[in-house]
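See below for the structure under consideration.
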Amino acid sequence: MADTATRSKPSSRGAAKSRRVRSSGGGPFAGESPELLRDYFHQMTLIRRFEERAAQGYTQAKIGGYCHLNLGEEATVVGLMSALRKTDYLFTNYREHGYAIAKGIEPGRVMAELYGRTTGTSKGWGGSMHMFDVESRLLGGYGIVGGQIPLATGAALAIDYRGGDEVVMCQMGDGTTNIGAFHESLNIAALWNLPVVFVVINNYLGMGTTVEKSSAESELYKRAVAYNMHGERVDGNDVIAVRDVATRLVERARETGAPALLEATSQRLKGHSVVDPAKYRSEEDNAKARAADPVYNFRSQLIENGVLDEDGAAEIEQKAQADADAAVAFADDSPHPDVSTLFDYTYATAVANDSRRLPADPVF
Numbered sequence: 009m010a011d012t013a014t015r016s017k018p019s020s021r022g023a024a025k026s027r028r029v030r031s032s033g034g035g036p037f038a039g040e041s042p043e044l045l046r047d048y049f050h051q052m053t054l055i056r057r058f059e060e061r062a063a064q065g066y067t068q069a070k071i072g073g074y075c076h077l078n079l080g081e082e083a084t085v086v087g088l089m090s091a092l093r094k095t096d097y098l099f100t101n102y103r104e105h106g107y108a109i110a111k112g113i114e115p116g117r118v119m120a121e122l123y124g125r126t127t128g129t130s131k132g133w134g135g136s137m138h139m140f141d142v143e144s145r146l147l148g149g150y151g152i153v154g155g156q157i158p159l160a161t162g163a164a165l166a167i168d169y170r171g172g173d174e175v176v177m178c179q180m181g182d183g184t185t186n187i188g189a190f191h192e193s194l195n196i197a198a199l200w201n202l203p204v205v206f207v208v209i210n211n212y213l214g215m216g217t218t219v220e221k222s223s224a225e226s227e228l229y230k231r232a233v234a235y236n237m238h239g240e241r242v243d244g245n246d247v248i249a250v251r252d253v254a255t256r257l258v259e260r261a262r263e264t265g266a267p268a269l270l271e272a273t274s275q276r277l278k279g280h281s282v283v284d285p286a287k288y289r290s291e292e293d294n295a296k297a298r299a300a301d302p303v304y305n306f307r308s309q310l311i312e313n314g315v316l317d318e319d320g321a322a323e324i325e326q327k328a329q330a331d332a333d334a335a336v337a338f339a340d341d342s343p344h345p346d347v348s349t350l351f352d353y354t355y356a357t358a359v360a361n362d363s364r365r366l367p368a369d370p371v372f
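Have a look at this one:
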């Protein structure tokens, strides 16, 4: 573990409040609320079904541009989002559909954004890679690798400057740890003691290149050492483990301002994007990923430990499928943006001589 002593400083941040709901019982879920565990299973299953419908929509040409799915990463997504308060901020990369749902955005609005409809989170102009929602404090959705990291660090600086008690979580893929913005941002966050938790989702492949072939240090959490920052690694297939370590690091940042680097190992079940056949993976690698399927394994664990029975699990799965189907129906029934609105959000405020000329319009 890469670790340094926690640096405390005067702060107006409120004391951490536990979101854990405890109950009696033994086994791997000792102290966990059965209702909460069932909710985690529903969220994970909903994300799985949503992403399957998104893949279907892409093949039907209802979704344009690029589309990257959270298939196989559901436990990581739900565990991380369970660690945040509604007032905390989230910055993500382009693989963010599941995060948007788990952060509290209606699945229909997320699917409508994928479909490019006006009811989407960015009114249909952002698409799959650019989710944004002020109310839920999801501030992107970034298509540029690492583009979110300096902005997340800046948001943490703003919180610190105002003396707020919010925390920023900044999610990224393993390949992002090799770009300059990653190192610059971690350095500033550590120097200025900013309340931000950087989370690396290590699915062992930066597009098609393994971590071992792209990173001199393949255990990515150890990179925190270079910045005198706390770092940890967690099994991303274990929703409870992810939630617990993320909660601890988030509340640590809330109380002291100390940033942290969390690495969650979580294999994706499909290629880098919907159109990637993932031929760079061996059958052995694919079998290993399928065996680690977090949704299937969590379902089995809940049944084995008496939290669910087969009928209860099937009921939750049916509801998740219905929710995903409803999201598709909502997106299908939503209107496309009007061409006249194409330039509405080019600038935040009015700009003199702002050109709104379309490709077919005359120059003068």
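Residue numbers for the sequence shown, in my numbering: 9 to 372. By construction, the Cβ of each residue, glycine as well, lies at the ideal position given by its N, Cα and C atoms. Since we're looking at a predicted model, the values are computed, not measured.
Taking C-alpha atoms, which residue in Y353, D340, G314 lies nearest to F37? Taking the sequence shown and counting its residues from 1, the one referred to as residue 37 is at position 29. Looking at the Cα atoms, G314 is the closest of the given residues.
What is the rounded straight-line gap between the Cα of V82 and the Cα of A261? For the purposes of this step, residue 82 is identified with residue 74 of the sequence shown, where counting begins at 1. For the purposes of this step, residue 261 is identified with residue 253 of the sequence shown, where counting begins at 1. Val is not the amino acid found at residue 82; the sequence shown has Glu there. Each residue's alpha carbon lies about 24 Å from the other.
Identify which residue in D47, Q51, A69 has its Cα closest to the Cα of V283. As a first step, residue 283 is located in the sequence shown; it is residue number 275 there, counting from the start. Here the closest residue by C-alpha is A69.
Per DSSP, Y107 is paired with what? Sequence index remark: in the sequence shown, residue 107 carries index 99 (1-based). When beta bridges are read from the DSSP output, Y107 appears opposite no residue.
Are V176 and A254 touching if we call contact CB-CB under 9 Å? Here residue 176 refers to the residue found at position 168 of the sequence shown. Here residue 254 refers to the residue found at position 246 of the sequence shown. Taking C-beta atoms as the reference points, V176 and A254 fail to come closer than 9 Å.
Out of T184, S363, E318, which one is the CA nearest neighbour of P158? Residue mapping note: residue 158 aligns to position 150 of the sequence shown, counting from 1. Here the closest residue by C-alpha is T184.
Name the two residues that bound the continuous beta strand (DSSP E) containing M180. Reading the sequence shown from its first residue, position 172 is the one you call residue 180. M180 -> beta strand (DSSP E) spans 176 to 181.
Check T84 in the structure and name its three-state DSSP category. The count along the sequence shown starts at 1 and reaches residue 84 at position 76. Residue state, collapsed to three classes: helix.
Quick check: the stretch 46 to 61 against the stretch 329 to 341, are there 3 or more CB pairs under 8 Å? Remark: three or more beta-carbon pairs, one from each stretch, lie closer than 8 Å, so the stretch 46 to 61 and the stretch 329 to 341 are flagged as touching.
Start-end ranges of the beta strand (DSSP E) lying completely within the stretch 147 to 232, minimum 3 residues: DSSP runs (the beta strand (DSSP E)) wholly in the stretch 147 to 232: 176 to 181, 204 to 210.
Once the 5 residues before and after Y353 are set aside, which same chain residues still bring their CB inside 6 Å of it? As a first step, residue 353 is located in the sequence shown; it is residue number 345 there, counting from the start. The answer is none, since no qualifying residue turns up.
How would you call R365, buried or exposed, if buried means at least 16 neighbouring beta carbons within 10 angstroms? Taking the first residue of the sequence shown as 1, we reach residue 365 at position 357. R365 is exposed by the Cβ-count criterion.
What would DSSP say about Y123, mapped onto helix, strand or coil? Along the sequence shown, one-based indexing puts residue 123 at 115. Coil.
Mapping DSSP to helix, strand and coil, what is T354? Numbered from 1 along the sequence shown, position 346 holds the residue referred to as residue 354. Residue state, collapsed to three classes: coil.
Check G239 in the structure and name its three-state DSSP category. Indexing the sequence shown from 1 puts residue 239 at position 231. Strand.
Alpha carbons only, please: which of Y355, N186, T264, R103 is nearest the one belonging to N168? What you label residue 168 is simply residue 160 of the sequence shown in a count that begins at 1. For clarity, residue 168 is Asp in the given sequence; the question names Asn instead. Looking at the Cα atoms, T264 is the closest of the given residues.
Return the CA-CA distance between A224 and S274, expressed in angstroms with no decimal places. One-based indexing of the sequence shown puts residue 224 at position 216. One-based indexing of the sequence shown puts residue 274 at position 266. In this structure, the alpha-carbon of A224 lies about 20 Å from that of S274.
E60, DSSP secondary structure in three states: Numbered from its first residue, the sequence shown carries residue 60 at position 52. It is helical.
Please tell me whether G135 and V153 are closer than 9 Å, where the distance is taken between their beta carbons. Position 127 of the sequence shown, counting from 1, holds the residue named residue 135. Position 145 of the sequence shown, counting from 1, holds the residue named residue 153. No, these two residues do not count as a Cβ contact at 9 Å.
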